[in-house]
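Just so we're on the same page, this note's numbering is the position in the sequence shown counted from 1, plus 245. To start, the structure under review is shown below, and the notes come after it.
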Amino acid sequence: MERAQLVKHLTGGEAFMPIDKVLEEVSFDKIGERLYDLPYSFYEVFYHITYTQKDILDYIILDEYKTPKWPEAYWDRKQAPESKNEWEQLKSKFFKERQQLADYILDEQNNLDTSVKNSEDHTLLRELLLVIEHNAHHTGQLILLLRLLGDH
Numbered sequence: 246m247e248r249a250q251l252v253k254h255l256t257g258g259e260a261f262m263p264i265d266k267v268l269e270e271v272s273f274d275k276i277g278e279r280l281y282d283l284p285y286s287f288y289e290v291f292y293h294i295t296y297t298q299k300d301i302l303d304y305i306i307l308d309e310y311k312t313p314k315w316p317e318a319y320w321d322r323k324q325a326p327e328s329k330n331e332w333e334q335l336k337s338k339f340f341k342e343r344q345q346l347a348d349y350i351l352d353e354q355n356n357l358d359t360s361v362k363n364s365e366d367h368t369l370l371r372e373l374l375l376v377i378e379h380n381a382h383h384t385g386q387l388i389l390l391l392r393l394l395g396d397h
């Protein structure tokens with residue numbers, strides 16, 4: 246399997262709007278709104294994507310990994326960031342950690358079919374596909390929220 250193609254899927258946009266474009270379109274003043282009795286705001290979904298991506302990255306690379314408590318740890322307790330700076334930091338964190346994962350995948354020394362450090366059953370390829378699927382699923386939700394917010 247070609248590593249560069251896997252990274253293309255990680256960054257998105259092969260079959261739908263990439264998350265960086267989605268984030269460019271959303272208005273900061275709307276990211277905490279919960280519309281039509283939906284259980285999450287745009288911010289909450291993006292926080293969840295970011296947290297989960299980092300958790301899987303840690304699962305792959307850390308020598309000592311501790312599983313966060315589900316579901317509490319994976320969802321922020323608030324609907325919106327407290328400031329625009331906090332929002333910008335979350336976005337920066339997402340892209341930085343996605344790049345770390347991409348770099349790890351592109352490193353030929355990391356065998357895609359070998360078990361990750363914290364599992365005998367889960368391979369690097371499996372974990373990457375999990376991130377790709379998870380991010381794609383929730384990016385679709387973000388696009389729907391973007392439309393409901395009137396920003397797309």
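Using N, Cα and C, we set each Cβ at its ideal position, and we do this for glycine too. In this text the structure is predicted, and so the values were computed from the model without any measurement.
Local Cβ density within 10 Å of residue i, reported as buried at 16 or more and exposed below that
i, result
"Pro326", "buried"
"Gly399", "Past the boundaries of the shown model lies residue 399; the chain is included only from 246 to 397, so the question cannot be answered."
"Asn380", "buried"
"Glu317", "exposed"
"Trp332", "buried"
"Gly257", "buried"
"Glu372", "buried"
"His359", "Sequence check: residue 359 is Thr here, not His. So Thr359 counts as exposed."
Three-state class that DSSP yields for residue i in the structure shown
i, result
"Thr312", "coil"
"Thr368", "strand"
"Ser360", "strand"
"Leu280", "coil"
"Asn330", "helix"
"Ala325", "coil"
"Leu398", "Residue 398 lies beyond the range of the chain shown here (246 to 397); nothing can be said about it."
"Ser337", "helix"
"His397", "coil"
Beta-carbon proximity check, residue i vs residue j, cutoff 8 Å
i, j, result
"Pro313", "Tyr319", "yes"
"Phe354", "Val290", "The identity of residue 354 in the sequence shown is Gln, whereas the question assumes Phe. No. Outside cutoff."
"Asp321", "Tyr292", "yes"
"Glu342", "Gln298", "yes"
"Lys362", "Ile306", "yes"
"Gln324", "Tyr288", "yes"
"His383", "Leu391", "no"
"Asn356", "Leu375", "no"
Hey, is the region 342-349 in contact with the region 276-285, meaning 3+ C-beta pairs nearer than 8 Å?
As far as the Cβ criterion goes, the region 342-349 does not touch the region 276-285, which means the pair count is below three.
Contact between the region 374-393 and the region 258-271 is defined here as three or more beta-carbon pairs at a separation below 8 Å; is this criterion met?
yes
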